[in-house]
Amino acid sequence: MEECGDIFPEQSNVSDENEIKIIINKFLMDLPLKKRKVFMLRYWYFLSVKEIMEECKMSKSQVEVALFRMRKLLKEEFEERGYIRG
Numbered sequence: 005m006e007e008c009g010d011i012f013p014e015q016s017n018v019s020d021e022n023e024i025k026i027i028i029n030k031f032l033m034d035l036p037l038k039k040r041k042v043f044m045l046r047y048w049y050f051l052s053v054k055e056i057m058e059e060c061k062m063s064k065s066q067v068e069v070a071l072f073r074m075r076k077l078l079k080e081e082f083e084e085r086g087y088i089r090g
């Protein structure tokens with residue numbers, strides 16, 4: 005997804021890929037259930053914002069803000085671990 009283009013490292017080897025999976029899994033598990041659902045619906049199941057609005061009973065702005073903030077948090081996690089530069 006284009007909106008995640010600046011989050012994930014471009015170059016990685018196999019050990020980096022395993023570490024990236026661990027980082028993402030921990031990130032998801034640390035999210036509140038509703039936010040985790042929104043994130044998964046968008047980036048795992050590729051639902052549109054409109055579909056997420058209907059599924060989660062949220063407004064468009066609530067979905068967009070939640071996704072923006074979660075992308076920012078995940079990006080910060082990768083920056084802290086040195087996978088990407090801020």
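First residue of the sequence shown? That's 5 in our numbering, and the numbers climb one at a time after it. Idealized CB from N, CA, C, for every residue including glycine.
Item, Value
"Would F43 pass as a contact of M62 if the rule is Cβ separation under 7 Å?", "no"
"Hey, how far is the Cα of V69 from the Cα of K76?", "10 Å"
"Reducing DSSP to helix, strand and coil, say where Y47 ends up.", "helix"
"Is the beta carbon of L51 closer than 7 Å to that of R40?", "no"
"According to DSSP, is L35 helix, strand or coil?", "coil"
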